[in-house]
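Worksheet: one structure, shown below.
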Ligand code: F6P
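Residue numbers (this note's numbering): 2 to 541.
Written out as structure tokens, the structure is:
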């Protein structure tokens with residue numbers, strides 16, 4: 002048995018013991034627990050002490066990280082080696098947010114100068130739009146940007162905008178991702194084409210949903226502005242020639258390289274709409290926050306390394322304790338989209354059952370991620386979190402100071418965040434519930450029926466992430482933290498976290514079925530699909 006396999010075996014055995022042990026007891030048994038399991042990284046405070054692992058379990062988890070040679074993998078990532086072998090690419094998103102003067106190389110090819118030139122071009126463009134120096138075809142300044150893209154070309158920018166936007170923005174930034182006509186209709190509704198910039202974002206510039214929405218937006222601009230529409234159309238793509246063929250002027254195309262994965266791309270020109278609507282300085286601060294987390298990830302020893310420890314806490318739940326679902330609950334309305342963003346980041350990166358070398362993964366891999374903003378979730382799915390039959394570990398996030406006024410509301414929000422994490426771990430025993438019902442005057446028979454229903458088993462783990470304020474730097478650090486966590490998990494499982502072959506089959510079939518729906522003689526399908534096609538033909 003290899004060291005790696007032996008490390009997995011020891012970790013799984015530790016998980017069995019952890020299931021039978023209250024987390025609260027670990028605070029008594031390990032007086033230094035909080036100190037050992039809480040850390041600060043790039044301005045974020047992370048508390049992993051409410052996780053089920055003991056000090057010894059953490060040692061075993063770190064042994065696993067060493068056996069998988071996380072440190073060497075981390076070096077390969079930062080060195081621009083081919084960490085995405087199925088597509089023959091590096092994954093060098095860290096180069097996009099590195100300080101000026103860095104010298105990253107993708108598989109030996111220097112990239113930092115080009116990255117900096119694009120950053121400067123983006124900042125110049127954003128400044129000109131904001132100042133009105135770059136105006137629309139009729140000479141009026143741009144007051145709205147419609148960002149069209151999907152998946153990695155949508156989720157990051159949308160998250161950043163919602164997190165950092167002003168309540169009275171000078172630029173009205175809207176998004177359209179879905180090919181459902183409702184989304185582009187709502188995005189364009191009420192906008193004046195003469196004052197609207199359409200930014201089409203697609204790494205490949207072939208994605209069906211994006212191209213459909215881009216064509217609708219282009220027609221909307223052309224109907225109003227004729228040939229003047231050209232100056233209202235911007236593209237962000239790793240395939241600039243395809244963007245040009247679509248009708249975007251060469252000087253309005255911002256590029257990035259194929260070593261930028263879609264779900265890791267918010268730092269690239271994919272963030273252009275945010276740079277315009279939030280201002281280039283805000284965008285630069287976001288990058289600086291990401292770079293600060295990169296420094297931490299690259300330099301901190303494994304036992305004090307935030308992405309590594311967050312990954313190991315997840316692995317302990319997922320693999321040692323067989324917990325297939327994880328909740329992400331930001332107690333910050335502005336971070337409401339974080340769970341959506343993490344769904345793509347984690348599930349598209351690590352939702353795989355085959356290793357990078359083609360062999361099956363020996364462990365269960367990425368958990369199903371779901372979540373929404375606290376405190377809303379307390380009135381939705383938290384019943385199940387507290388009393389359901391499955392234990393669902395959660396990441397709970399909070400922001401100490403809100404920039405949105407009403408500090409008394411913010412304090413209430415924080416109280417709820419802390420209370421939920423405490424309640425999930427501590428629970429409320431049946432004996433305690435029984436005593437309370439007795440004091441309320443219930444009979445023994447009534448208590449026997451009611452007490453089990455009011456009991457909270459507790460022992461439900463959380464990782465608590467706290468930022469002082471939702472600054473661009475803190476948001477950048479948070480996104481980079483999760484990117485690196487995802488990478489470390491992929492290394493432990495032996496997965497290539499940077500490809501996504503699992504999205505291909507559905508795309509191919511959608512192309513075939515589209516032809517069937519549009520009138521061609523339907524091709525062979527399974528009976529269920531054939532019946533649905535028959536019902537829908539001609540009804541689009
Ligand atoms: O969902 C599949 C996917 O390829 C994602 O990986 C990507 O982020 C998204 O589609 C959009 O791709 P593109 O930027 O090429 O339009």
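For every residue, glycine included, the Cβ atom is placed at its ideal position computed from N, Cα and C.
Shown here for residue 169: not one same chain residue has a beta carbon closer than 7 Å to its own, the five before and five after excluded. If you keep only unbroken beta strand (DSSP E) runs of at least 3 residues inside the stretch 305-391, you get 326-332, 369-372.
Taking 7 Å as the cut-off, the C-beta of residue 353 does not count as close to any heavy atom of the ligand F6P. Proximity of the stretch 362-370 to the stretch 316-324 meets the contact definition, three or more beta-carbon pairs being nearer than 8 Å. Here residue 237 is actually not in contact with residue 213; their C-beta atoms are around 17 Å apart, not less than 8 Å.
Contact between the stretch 338-356 and the stretch 485-501 is present: three or more C-beta pairs spanning the two stretches fall below 8 Å. For residue 94, the number of other beta carbons within 10 angstroms of its own is at least 16, and it is reported as buried. Remark: C-beta atoms of residue 474 and residue 293 approach each other more closely than 8 Å. No Cβ-Cβ contact shorter than 8 Å links residue 261 with residue 160. Between residue 105 and residue 89, the CB-CB gap reaches or exceeds 8 Å. Secondary structure of residue 466 (DSSP, three-state): strand. At least one heavy atom of the ligand F6P lies closer than 7 Å to the C-beta of residue 501. Taking the C-beta atoms as reference points, residue 422 is found nearer than 8 Å to residue 463.
Following the DSSP letters along the chain, one finds residue 45 in no alpha helix (DSSP H) but inside the beta strand (DSSP E) bounded by residues 45-48. Between residue 123 and residue 273, the CB-CB gap stays under 8 Å. Using a cutoff of 7 Å, the CB of residue 504 counts as near the ligand F6P, since one of the ligand's heavy atoms is closer than that.
Rounded to the nearest angstrom, the gap between the Cα atoms of residue 395 and residue 458 is 16 Å. Distance from the C-beta of residue 390 to the nearest heavy atom of the ligand F6P is not below 7 Å.
Taking C-beta separations shorter than 7 Å and ignoring five residues to either side along the sequence, the partners of residue 141 in its chain run 195, 196, following chain order. Closest by C-alpha distance to residue 208, out of 511, 536, 523, 527, is 511. Annotation for residue 41: the continuous beta strand (DSSP E) segment containing it runs 39-42.
Taking all protein chains in view, the Cβ of residue 386 is crowded by 16 or more other Cβ atoms within 10 Å, so the residue is classified as buried. When DSSP states are grouped into helix, strand and coil, residue 234 belongs to the strand group. The beta-carbon separation of residue 230 and residue 206, rounded to 18 Å, does not stay under the 8 Å limit for a contact. Scanning the stretch 452-509 for uninterrupted alpha helix (DSSP H) segments of 4 residues or longer gives 473-494, listed from N- to C-terminal end. When beta bridges are read from the DSSP output, residue 399 appears opposite 332, 467. According to the DSSP assignment, residue 173 belongs to the beta strand (DSSP E) that extends over 173-177. Residue environment for residue 444: exposed (fewer than 16 other C-beta atoms within 10 angstroms of its C-beta).
The closest heavy atom of the ligand F6P lies 7 Å or more from the beta carbon of residue 487. Residue 528 carries a helical assignment under DSSP once its states are collapsed to helix, strand and coil. One alpha carbon belongs to residue 281, the other to residue 310, and they sit about 33 Å apart. Under the 10 Å beta carbon count, residue 485 is surrounded by 16 or more other beta carbons and is classified as buried. In this structure, the C-beta of residue 153 approaches the ligand F6P to less than 7 Å from one of its heavy atoms.
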